[in-house]
Every structure is written in structure tokens, then in C-alpha cells.
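Basically my numbering = 1-based index in the sequence shown + 81.
The structure appears right after this line, and notes come after that.
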Amino acid sequence: MRKICWILVVVLLSSCTSKVTKATLEEYNLVFEKVMTLEKLISQTEFNTLSGDEIKEMNAIGKELYYDYNPMDLTPEQVAQCEALKERVNKLRNNLITLTTNEINDFKITPWQHDELLLEQPRSYPVYLLKGEKLRWTITAAKPITVQVSNADSRTVLKTYKGKTTVKDSLVVANSAIYLVNINPQGTQYVGLDINYKINDISRLGNATPIKIEQVECKKDDFGATAVKGVNMTKCFEEPRKFTLRGQFKAAFSGSAKALVAVQVPAGATDILYSMRIDTSESDCSQDGEFHDNLASSYKKVKFLGLPLYEKEKNGKLNLFSSLLDDNRPIRDEDAYCNMYVFRNQAQAKQFQDGTKAASMLNYDVDYSTLGTQSCNGRIPVKGLRTIYLAFENERMRYTNYLWVEVEAVVPNTIYYTTKYTLEE
């Protein structure tokens with residue numbers, strides 16, 4: 082039937098007087114074919130099954146539908162045919178716009194949904210809304226939780242629910258802004274959540290507006306401030322301490338096969354981090370003197386990645402110090418090695434320095450001393466002391482070794498962070 086109708090239309094227009102322009106015929110044919118296709122599509126479509134993007138596309142197609150003609154030089158039959166098509170186009174456009182616009186009344190956009198999400202700490206879920214849109218949330222948990230809804234832009238808390246296992250509510254927002262639904266699990270538990278919103282304009286159909294999330298340092302009293310344990314690292318030496326360890330044979334005539342350095346520990350420090358480069362060549366390298374800056378750079382990367390900033394070692398697991406030291410190992414000369422001793426007692430350190438007792442007869446810290454070590458770095462807990470003594474000894478008979486030692490004191494501190502929410506460009 083459609084094919085027969087199409088043929089009759091073409092015949093009607095093409096059989097008219099020669100005054101009918103080719104452009105008029107081509108435009109009529111194009112619009113007529115488009116109308117027939119859309120009418121069939123609408124009759125076969127269940128609009129409540131369409132996605133937001135599909136509804137928005139159908140609405141745009143409807144708004145673009147248009148047909149008009151110039152009756153000049155057309156016969157009455159041609160005018161009637163063109164007028165009929167114009168009315169048909171107008172009816173189809175209005176119908177398509179009405180159908181798609183009505184869909185937004187029942188359409189919801191769901192940016193956040195989880196059936197069983199394991200939460201250990203409070204977490205915020207951002208949603209961008211325009212003025213007059215409705216934010217809806219349903220939060221469920223086995224044990225009481227706290228839920229807070231706020232405007233992230235104005236930093237205003239709008240609603241708070243405490244000690245609930247189910248929170249279901251909605252809010253028509255008064256301003257265009259980023260809104261937060263914050264869930265505090267009050268411990269570790271599984272939480273179900275469904276956060277969605279209803280729109281008022283078809284242009285908002287589709288996926289939720291992308292939001293950029295950044296962690297930035299802030300003051301203790303700033304909105305949404307979270308305390309995180311961090312560290313300050315301070316140089317114990319202004320520049321690397323350089324030592325020459327003679328071989329045992331040469332040391333008998335000049336110089337020494339030993340070296341001792343006292344590390345003054347600042348108040349509040351819990352640990353020192355050291356870098357010891359040992360080489361058979363006396364020449365400095367570009368890495369010398371960079372231990373402090375390299376640690377600071379690695380620490381910034383750790384904070385940027387959102388890893389735990391500071392915690393004590395537990396069960397031998399890698400922690401912040403391990404990560405920082407792994408990233409900043411000194412250059413190693415395979416032919417250079419020495420003994421390194423850690424003394425916590427001044428008298429013991431002096432006996433080592435004076436040579437009145439061999440190191441094996443002294444009370445050095447076995448846990449943090451190393452024999453026959455090449456270039457290395459490490460951590461030494463200060464255990465409340467204000468001075469730690471690092472001692473080095475070359476037991477080789479002939480070869481002279483050269484040492485570069487750098488030390489950082491680690492002082493725990495508390496850093497405050499807040500989450501910054503912005504619309505992605």
C-alpha cells in the first residue's frame with residue numbers, strides 16, 4: 082500500500098505542468114518519504130522503553146520536521162497535495178514532541194546504585210542538578226547509619242538522618258549546584274543505595290553530568306575537612322656527609338678505616354630515613370644531595386594516589402616508608418661494601434670511634450645494623466632518643482671506599498583534606 086501511495090504521489094507531481102520546478106518535486110519526495118518512515122517508527126515504538134538519549138534524539142527529530150511550499154505556478158491539484166503534506170508534517174511534529182516531552186514526567190536518571198556496597202568509612206556521592214529538579218535517595222543497611230544531604234557549592238547541609246537503617250526521601254533543589262549524599266556506615270557494613278533524580282527539561286535527558294573529584298589540602302575547620310595522618314621530613318644534614326674509609330693496610334699508616342656520624346634528631350621525630358652510597362671512586366654523582374627532594378617528590382605522588390599516608394609497620398607489610406625508600410635507592414657499586422653499625426649509646430659509639438673496642442664487642446643495634454652492605458637506604462626508629470650514631474667500617478685490606486650519607490628525620494603530623502567537586506569540561 083505504501084509503495085502504491087508513493088507511486089501515485091510521484092506521478093501526480095511529475096505529471097503536472099512543466100512549470101513545476103525540479104527542486105519542488107525533490108523536496109516533496111524527500112519530506113514525504115521521511116514522514117512515512119517516522120509514522121511507521123512511532124507506531125512501532127514503546128516510548129517508555131527508550132533510553133534518555135533515544136528520547137532526546139526523537140525530540141530533536143520532531144523539532145526539525147518542517148515543510149512549506151511556494152504555491153506560485155502550481156496547479157490546484159499540486160497545491161492540494163502539498164498542503165496535505167504540510168498538515169501531515171505539522172501533525173507529526175506536534176505528536177512527536179508531545180510524546181517525547183511527556184516521557185520526562187516518568188523518567189529518572191540514576192547516577193549511583195548499589196545493592197550491596199561494603200563501606201568502611203564515610204563516602205559522598207555527588208550529583209549535579211538544575212534548579213527545580215528533584216533529588217531522590219533510598220539508603221538501606223543492617224545497622225544504624227548516618228545520612229547527610231548537602232549543597233557542595235554553598236557548603237550547606239540540607240538534611241540529616243541519624244541512627245536509621247532505612248532512609249528514603251526526596252528534595253526539590255532550590256539552586257543549580259552539585260549536591261552530595263554522604264553515607265556514614267558507623268563501622269564496616271554492607272549498604273544498599275539508590276540515588277536518582279527527575280528532570281524538568283528534555284535537554285537534560287541522558288547520562289548524569291560528569292563530575293570531577295579532587296582531594297585538596299584544607300584547614301581543620303573547613304567544610305568537609307577530614308583528618309589524615311601524614312609526615313613532615315626534615316634534613317638532619319645540610320649537605321651529604323662524605324667519608325673516606327681506608328683499607329686496613331693503608332689505615333695502619335694514614336687515615337682511618339672507620340667513620341662515625343652523630344645524627345641529631347629533632348623533637349617529635351619517630352624515625353630517621355637514611356641513604357648511604359658507597360663507591361670505590363671519590364667522584365660525586367648527580368644523585369648526591371637529592372635524597373630530601375626525591376623523598377618529597379615521592380611523598381607527593383603517594384598523596385596524589387590516595388594511599389595511606391602514614392601508619393606503623395604491622396606484620397612486616399609495606400607501608401609509607403617502604404614505598405618512599407623503594408623509589409629512592411642509591412646507585413650501587415658492586416665492588417664497594419662496608420659494615421654499618423647503629424649505636425644508641427654515646428659511650429659505646431666513642432669506644433668504636435677511638436678503637437678501644439672492636440665493633441663485635443660493643444652493644445650496637447643488631448636489628449638495624451648491616452655487615453658487608455653495599456649502597457643502601459633504610460629506616461631506623463629513634464625510640465625517643467635525641468641522638469643516633471651511625472658508624473661505618475671498611476674491613477677490606479687494600480681497597481679504599483668512599484661514603485656519602487644523607488639522613489631525614491620523620492615527624493608525624495595531621496593533614497586535613499577536603500573533597501573538591503567541579504563539573505568536568
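Ideal placement from N, C-alpha and C gives every residue a C-beta, glycine not left out.
Everything numeric in this text was worked out from a predicted model, so none of it was measured.
- Around the beta carbon of T181, 16 or more other beta carbons sit within 10 angstroms, so the residue counts as buried.
- The stretch 297-316 and the stretch 491-506 touch, with three or more beta-carbon pairs separated by less than 8 Å.
- If the five residues before and after W218 are omitted, its C-beta is found closer than 6 Å to the C-beta atoms of V262, I276, all from its own chain and listed in chain order.
- For T269, the three-state secondary structure derived from DSSP is coil.
- Here R467 carries a coil assignment [DSSP, helix/strand/coil].
- Inside the stretch 151-235, DSSP marks whole beta strand (DSSP E) runs of 3 or more residues at positions 189-200, 204-210, 215-232, from first to last along the chain.
- Annotation: S362 to C419 spans about 14 Å, alpha carbon to alpha carbon.
- Scanning N171, E506, T495 for the CA closest to the CA of E298 turns up T495.
- The stretch 240-255 makes no contact with the stretch 166-182: fewer than 3 CB pairs, one atom from each, lie closer than 8 Å.
- For V116, the three-state secondary structure derived from DSSP is helix.
- Taken atom to atom, the span from the alpha-carbon of H195 to that of L274 is near 5 Å.
- Contact between L326 and A340 holds: their C-beta atoms lie close to 6 Å from each other, under 8 Å.
- V342 has its alpha-carbon roughly 59 Å from the corresponding atom of A258.
- DSSP places V346 in the coil class of the three-state scheme, outside both helix and strand.
- Counting C-beta pairs with one atom in each stretch, the stretch 479-491 and the stretch 308-325 have three or more that are closer than 8 Å, which means they touch.
- Spatial neighbours of R413 in its own chain (CB-CB distance under 7 Å, excluding positions within 5 residues in sequence) are listed in chain order as Q455, S456.
- Approximately 6 Å separates the beta-carbon atoms of A289 and I190; this is inside 8 Å, confirming the contact.
- In the DSSP assignment, L146 falls outside any alpha helix (DSSP H), carrying neither H nor E.
- Under the 10 Å beta carbon count, N475 is surrounded by 16 or more other beta carbons and is classified as buried.
- In the DSSP assignment, F402 falls within the unbroken alpha helix (DSSP H) covering 401-407.
- Counting C-beta atoms within 10 angstroms of its own C-beta, E214 has 16 or more neighbours from the protein chains shown and is therefore classed as buried.
- Here V346 is near I469, since their CB atoms are less than 8 Å apart.
- The beta-carbon distance between K212 and N256, rounded to whole angstroms, is 6 Å. This is short enough to meet the 8 Å contact definition.
- If you draw a straight line from the Cα of P152 to the Cα of A161, it is about 10 Å long.
- For K431, the enclosing alpha helix (DSSP H) stretches over residues 427-435.
- Secondary structure at G133: helix, using DSSP grouped into helix, strand and coil.
- Minimum Cα-Cα distance from Y150 among the listed residues Y109, K438, I359, Q270 corresponds to Y109.
- The residues L390, L401, S404, L405, in chain order, have a CB closer than 8 Å to that of V383 in the same chain once the five nearest residues on each side in sequence are set aside.
- Distances from the alpha-carbon of E506 to those of Q329, K293, M117 put K293 closest.
- Comparing alpha-carbon positions, the option among N140, L111, N482 lying closest to D360 turns out to be N482.
- Between N409 and N375 a beta carbon distance of about 5 Å is seen, short of the 8 Å cut, so the two are scored as contacting.
- Here V488 carries a strand assignment [DSSP, helix/strand/coil].
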